[in-house]
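Visitor: Under UniProt numbering, the first residue of the sequence shown carries the number 1, and numbering increases by one thereafter.
Don't be surprised by glycine CBs; every beta carbon is placed ideally from N, CA and C.
Let me give you the structure first, and then I'll get to my questions.
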Amino acid sequence: MNKMILTEAKLFLREPGGPVMAVLLPLALLLGLGSIPGFQEASPELGGQRVIDTQLPGMMVILSVVTMALTALPSVLVTYRDNGVLRRMSTTPVSPVRLLVAQVVNNLVVAAVATGLMIVLGNLVLGVAAPRSPLAFAGVFLLGTASMFGLGLLIAAMAPNAKTAPGIGSLLMFPLLFVAGMWVPRELLPDLVRRIGDFLPMAPFAQALRDTWAGHAPQPLHLVVMAATVLVTGVLAARLFRWE
Numbered sequence: 001m002n003k004m005i006l007t008e009a010k011l012f013l014r015e016p017g018g019p020v021m022a023v024l025l026p027l028a029l030l031l032g033l034g035s036i037p038g039f040q041e042a043s044p045e046l047g048g049q050r051v052i053d054t055q056l057p058g059m060m061v062i063l064s065v066v067t068m069a070l071t072a073l074p075s076v077l078v079t080y081r082d083n084g085v086l087r088r089m090s091t092t093p094v095s096p097v098r099l100l101v102a103q104v105v106n107n108l109v110v111a112a113v114a115t116g117l118m119i120v121l122g123n124l125v126l127g128v129a130a131p132r133s134p135l136a137f138a139g140v141f142l143l144g145t146a147s148m149f150g151l152g153l154l155i156a157a158m159a160p161n162a163k164t165a166p167g168i169g170s171l172l173m174f175p176l177l178f179v180a181g182m183w184v185p186r187e188l189l190p191d192l193v194r195r196i197g198d199f200l201p202m203a204p205f206a207q208a209l210r211d212t213w214a215g216h217a218p219q220p221l222h223l224v225v226m227a228a229t230v231l232v233t234g235v236l237a238a239r240l241f242r243w244e
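Shown next, in the form of structure tokens:
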């Protein structure tokens, strides 16, 4: 298993778009947008807090995780299926299940590295406080990331070919990012949109990150939605996934 994880990690690092999109892009957005004066000013709509403190860090974490989960992960798995890699692996002692585990582990490591860099550089460069409830933040990060990876595996199971997998991921990603507050803070969204977002996996993930970052407990509804997403997408992906 360790060799499989290392092999998949090397293949990932050889793809120039993977590390850039997952690590450098969210980090660049955080530092770039965080340097804009408007993002450093206290906002009455956010209870007198700065946008850089309440919105950007959590959303950049979300962007990093979602980029890996909804585009990179399904694209690689469907490409392997199209090229017959999974079919050939199923006849060897190295089962395709190990490949799934290796892919999830590597994507999780990359997302965790990106998150760590954003916390450290956000604090050093922009003065953004580190998460005030680090253990709760880590738990939310793992649960939310698992829910996003569940969606990615479901896309991989349903996508007809490698060309369509990233497109399906993008079509799903952008509406979910909107209701999660990526472009407009959730506090400024209509009540109906916020309520709908509470029952979709990405908005609870984003809000729970923000809550634990500020030292508050995550809302039980948001934890339930993320856990339910992990369960439902995992079961559906296992039923629908085709090895060839």
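Our contact map puts T115 next to F149 with C-beta atoms below 8 Å; I'd like the distance itself, whole angstroms only.
Guide: Mapped onto the sequence shown, residue 115 falls at position 115. Mapped onto the sequence shown, residue 149 falls at position 149. Between F149 and T115 the Cβ distance is about 15 Å, and since that is not below 8 Å, they are no contact.
Visitor: What is the C-beta distance between L143 and L223, in whole angstroms, given that I count them as a contact (C-beta under 8 Å)?
Guide: Your numbering for residue 143 matches position 143 in the sequence shown. Your numbering for residue 223 matches position 223 in the sequence shown. Rounded, the Cβ-Cβ distance is 7 Å, consistent with contact.
Visitor: One question on the structure: do G122 and V113 come within less than 7 Å of each other, judged by their Cβ atoms?
Guide: By one-based count along the sequence shown, residue 122 stands at place 122. By one-based count along the sequence shown, residue 113 stands at place 113. Not closer than 7 Å, so no.
Visitor: Does P44 pass the burial test, meaning 16 or more other C-beta atoms within 10 Å, or should it be called exposed?
Guide: Your numbering for residue 44 matches position 44 in the sequence shown. Looking at its Cβ environment, which holds fewer than 16 other Cβ atoms inside 10 Å, P44 is exposed.
Visitor: Q219 by DSSP, collapsed to three states: which one?
Guide: Taking the sequence shown and counting its residues from 1, one reaches residue 219 at position 219. Three-state DSSP puts Q219 in coil, outside helix and strand.
Visitor: Going by CA-CA distance only, name the one from L124, A208, M68, M118 that's closest to Q103.
Guide: By 1-based counting over the sequence shown, the position of residue 103 is 103. Of the candidates L124, A208, M68, M118, the one whose C-alpha sits nearest the C-alpha of Q103 is M68.
Visitor: With DSSP as the reference, label R242 as helix, strand or coil.
Guide: To locate residue 242, count along the sequence shown from 1; it is residue 242. Residue state, collapsed to three classes: coil.
Visitor: Give the single residue among L189, I168, G169 whose Cα lies nearest to the Cα of F178.
Guide: Along the sequence shown, read from residue 1 onward, the residue named residue 178 stands at position 178. Nearest option by C-alpha distance: L189.
Visitor: Kindly indicate which three-state DSSP category R132 falls into: helix, strand or coil?
Guide: Counted from its first residue, the sequence shown places residue 132 at position 132. The answer is coil: DSSP assigns R132 none of H, G, I, E or B.
Visitor: Would you list the residues sitting across from R195 in a DSSP beta bridge?
Guide: Here residue 195 is taken as the residue at index 195 of the sequence shown, counted from 1. DSSP lists no partner for R195.
Visitor: Count the other C-beta atoms from every protein chain shown that fall within 10 angstroms of the C-beta of P204, then say buried if there are 16 or more, exposed otherwise.
Guide: Looking up residue 204 in the sequence shown gives position 204. Per the 10 Å Cβ criterion, buried.
Visitor: Curious, which full-length alpha helix (DSSP H) runs of at least 4 residues does the region 66–112 contain?
Guide: Here the runs fully enclosed are 73–82, 85–89.
Visitor: Measuring alpha carbon to alpha carbon, tell me which of P134, A165, I52 ends up nearest T79.
Guide: As a first step, residue 79 is located in the sequence shown; it is residue number 79 there, counting from the start. It is A165.
Visitor: Could you pull out every residue in the same chain whose Cβ sits closer than 8 Å to the Cβ of L151, ignoring the five residues on either side in sequence?
Guide: Translated into positions along the sequence shown, residue 151 becomes position 151. Cβ neighbours of L151 beyond the five flanking positions: A69, L70, L172, P201, T229, T233.
Visitor: Counting along the chain, where does the alpha helix (DSSP H) carrying L176 start and finish?
Guide: By 1-based counting over the sequence shown, the position of residue 176 is 176. Taken as a continuous stretch (DSSP letters only), the alpha helix (DSSP H) holding L176 covers 164–180.
Visitor: Would you mind sorting V65 into buried or exposed? The rule is 16 or more other CB atoms within 10 Å of its CB.
Guide: By one-based count along the sequence shown, residue 65 stands at place 65. When all chains shown are included, V65 counts as buried.
Visitor: Assign G181 to one of two classes, buried (16 or more other C-beta atoms within 10 Å of its C-beta) or exposed (fewer than that).
Guide: Here residue 181 refers to the residue found at position 181 when the sequence shown is read from its first residue. When all chains shown are included, G181 counts as buried.
Visitor: For N106, count neighbouring Cβ atoms within 10 angstroms of its own Cβ and tell me buried if that reaches 16, exposed if not.
Guide: Start at 1 with the first residue of the sequence shown, and residue 106 comes out as number 106. So N106 counts as buried.
Visitor: By Cβ distance below 7 Å, which residues in the same chain neighbour L176 in space, the five residues on each side in sequence not counted?
Guide: To locate residue 176, count along the sequence shown from 1; it is residue 176. Same-chain partners within the cutoff: L200, M202.
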